[in-house]
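Participant:
Residue numbers (the working numbering), protein chains in the order written: chain A, 1 to 323; chain B, 1 to 273.
Here it is in structure tokens:
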């Protein structure tokens, strides 16, 4: 299968189930909300060492709870306890501290974690809560969402934050590899992918600029390390280790996608791959672990052409990718 | 299909108190029309059958419509826990007394003590409410969860000792609104009478006209309060929109009553006169 001359390998991406939360951060101006959100999602590239994976969701909210400009943030972690811990730390240090910012849950769900109910103690007993009761929602219809918010007094006014934050089972680690003929062409293709994926709702690209250059393989010669550099895909190791790279490939970049649903991740992968394909990009591949670790498999070809095969992946047909 | 009750021409002496607590979706659900017609309505000291006072049509599916002037009927919708009761006219005193769920929609005026002792649910009044809206039951706190929305005005002492929930008054409020407020939110879109928030401990009173609070309230300056947008949106959806721009407007915040701990607040959109 080829798109714009780029060969699509018959392989699949392997993704994992994590818990996710979606927040809306508002402020008097969008740049202030974006500043808070960017700070909150810093150092959140991988759950391996960062505690959670987080980023700004591309499309902003059409309306925000307090009517001010806002941005959406998605955060992913292994379980509810870790996610709560990460959210409390990050919102407490990076949103509550940011000028004029407020923080609202944007993912009503049966399962939730504490957020404002933890941070309220910063108010030193001077915090107050306000409740939009279910009865008011009954009077106002479906557009009214019952919620409790905390008003925490801060030096520029009040920090308003939802008492709890809904969480859902989500999908993290959707990915594809861009195998280019030069570093410049590969980077350009990756940036096209990132731009395309940022128009897809429900997904984030947790790595810097949405691009990963240090893809990893499982295991290491050093026993303390669970993962190490993806040596088969490192062009400088050609001739030194077994390579997965065709002769014409001189650079590889990876796009990693976390999303609220499998469908969101699949849509983002498809949009990103289509945007990447073109001159200077020899192949598109994907990282997987032989189907042994992740619950969600994303075969590339059916994503791009649903008529090409079933959505489920066949690990036996896996290519040599690994992240 | 809704159950529809229509007032029959008055056949009883005027002036007798009428306790219409049986006019509630809880009491009317699951029974046939004949049984509904036999439900007692206390007229003075006598229990009159409901069917003598109202014609009955339709089926009780949790949605009840009562047509006619019930200004002489007290405790309409008392103790409601579910369903919707719509009164196409006025109701007497103590409408929705002790209700804990459901929606009581009164299209006309409501008498004194409407919503007394509410623990949940919604009371919507299309006209005005008389004195002691959301009053406490004797020896108890006032409104403790629930929403009361009055499109018109309210008499004196609205939301006395309210503990939780929301009372929103579209018109003017008489003297003493929010007296001894324990918590919760009181919105008054018209003018507020003297002494609003006296003895309040916590909670929020939001005013949209110039107001001079009691001396036991201290000004905390003027600023925006983003949380008000949550209420602005919810009240607009419930049919009582706040004045345009209220969510993002600046309010002067007064805290008090200083004689009661000073943790309550009065937010005034207009500059005090």
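We treat Cβ as the ideally placed atom computed from N, Cα and C, and that holds for glycine. All figures in this text were calculated on a predicted structure; none of them were measured in a lab.
(1) Following the continuous beta strand (DSSP E) through residue 55 of chain A, name the residue where it begins and the one where it ends.
(2) Using a Cβ cut-off of 8 Å, which residues of the stretch 136–162 of chain A contact any Cβ in chain B, in chain order?
(3) Rounded to a whole number of angstroms, what is the C-alpha to C-alpha distance between residue 181 of chain B and residue 163 of chain A?
(4) Quick check on residue 41 of chain A: does DSSP put it in helix, strand or coil?
(5) Just reading off the alpha helix (DSSP H) that residue 231 of chain B is part of, what are its end residues?
(6) Any heavy atom of the ligand ADP closer than 8 Å to the Cβ of residue 221 of chain A?
(7) Residues of chain A with CB under 9 Å from residue 177 of chain B, in chain order?
(8) Looking only at its chain, what residues have a beta carbon closer than 6 Å to the beta carbon of residue 151 of chain A, apart from the 5 residues adjacent to it on each side?
(9) Per DSSP, what kind of secondary structure is residue 26 of chain B in: helix, strand or coil?
(10) Are the Cβ atoms of residue 224 of chain A and residue 233 of chain A separated by less than 9 Å?
(11) Spell out a yes or no on whether the stretch 254–266 of chain A and the stretch 194–209 of chain A are touching, meaning 3 or more CB-CB pairs, one atom from each, closer than 8 Å.
(12) Flag this pair as yes or no: are the beta carbons of residue 218 of chain A and residue 231 of chain A separated by less than 9 Å?
(13) Rounded to whole angstroms, how far is the Cβ of residue 218 of chain B from the Cβ of residue 192 of chain B, which I believe are closer than 8 Å?
(14) If contact is defined by three or more beta carbon pairs under 8 Å, each pair taking one atom from either stretch, is the stretch 118–128 of chain A in contact with the stretch 175–195 of chain A?
(15) Identify the contact partners of residue 147 of chain B in chain A, using a Cβ-Cβ distance below 7 Å as the criterion.
(16) List, in order along the chain, the chain C residues whose C-beta lies closer than 8 Å to that of residue 124 of chain A?
(17) Just curious, the alpha helix (DSSP H) that residue 117 of chain A is in, first and last residue?
(18) Please confirm whether residue 124 of chain B and residue 106 of chain B have their CB atoms less than 9 Å apart.
(19) Straight-line CA distance for residue 42 of chain A to residue 168 of chain A?
(20) If I'm right that residue 11 of chain A touches residue 281 of chain A with Cβ under 8 Å, what's the distance once you round it to whole angstroms?
(21) Please list, in chain order, the residues of the stretch 176–196 of chain B that have any C-beta partner in chain A closer than 8 Å.
(22) To which residues of the same chain is residue 40 of chain B closer than 6 Å at the C-beta, ignoring the five residues directly before and after it?
(23) I'd like the span of the beta strand (DSSP E) that includes residue 128 of chain A, first residue to last.
(24) Which class does residue 12 of chain A belong to by DSSP, given the choice of helix, strand or coil?
(25) In chain A, which residues lie less than 7 Å from residue 248 of chain B when you measure between Cβ atoms?
(26) Going by other Cβ atoms of all chains shown within 10 Å of its Cβ, with 16 needed for buried, is residue 48 of chain A buried or exposed?
(27) Straight-line CA distance for residue 96 of chain A to residue 25 of chain A?
(28) Just the chain A side, please: which residues come within less than 7 Å of residue 122 of chain B by C-beta, in chain order?
(29) Can you check which of these residues, A/299, A/52 and A/213, is closest to residue 270 of chain A by C-alpha distance?
(30) When the cut-off is 9 Å and only beta carbons count, does residue 102 of chain A lie next to chain B?
(31) Residue 259 of chain A lies in the beta strand (DSSP E); which residues open and close that run?
(32) Do residue 53 of chain A and residue 18 of chain A count as a contact pair if the criterion is CB distance below 9 Å?
(33) Any beta carbon of chain B sitting closer than 9 Å to that of residue 130 of chain A?
(34) With a cut-off of 9 Å, does the C-beta of residue 166 of chain B fall near any C-beta of chain A?
(35) Along the beta strand (DSSP E) that carries residue 266 of chain B, what are the first and last residues, could you check?
(36) Any Cβ of chain B within less than 9 Å of the Cβ of residue 26 of chain A?
Facilitator: Inspection of the coordinates gives the following:
(1) 53–56
(2) 136, 137, 138, 139, 140, 141, 143, 144, 147, 149, 151, 157, 158 and 160
(3) Cα to Cα, the separation comes out at about 23 Å.
(4) Residue 41 of chain A falls in the coil class under three-state DSSP.
(5) 228–237
(6) Looking at this structure, you won't find the ligand ADP or any other ligand, since it has none at all.
(7) By Cβ distance, chain A contributes nothing, its closest Cβ being about 19 Å from residue 177 of chain B, past 9 Å.
(8) 128, 158 and 160
(9) Note: residue 26 of chain B maps to helix in three-state DSSP.
(10) In this structure, residue 233 of chain A does not lie closer than 9 Å to residue 224 of chain A by Cβ.
(11) yes
(12) The beta carbons of residue 218 of chain A and residue 231 of chain A sit no closer together than 9 Å.
(13) Contact between residue 218 of chain B and residue 192 of chain B is ruled out by a C-beta separation of about 18 Å, above the 8 Å threshold.
(14) no
(15) 133, 135, 136 and 139
(16) Among the chains of the structure shown, chain C does not appear; the protein chains present are A and B.
(17) 116–119
(18) yes
(19) 22 Å
(20) Between residue 11 of chain A and residue 281 of chain A, the beta carbon gap of about 16 Å keeps them out of contact (Cβ cut-off 8 Å).
(21) 185
(22) Same-chain partners within the cutoff: 47.
(23) DSSP places residue 128 of chain A inside the beta strand (DSSP E), whose first and last residues are 128–132.
(24) Assignment of residue 12 of chain A by DSSP, reduced to helix, strand and coil, places it in the strand class.
(25) 67
(26) That one is exposed.
(27) One C-alpha to the other measures close to 10 Å.
(28) 135, 138 and 139
(29) The alpha carbon of residue 270 of chain A has as its nearest neighbour, out of A/299, A/52 and A/213, the alpha carbon of A/299.
(30) yes
(31) 251–259
(32) Judged by their CB atoms, residue 18 of chain A and residue 53 of chain A are nearer to each other than the 9 Å cut-off.
(33) yes
(34) yes
(35) 264–268
(36) Taking Cβ atoms only, chain B reaches closer than 9 Å to residue 26 of chain A, which makes this a yes.
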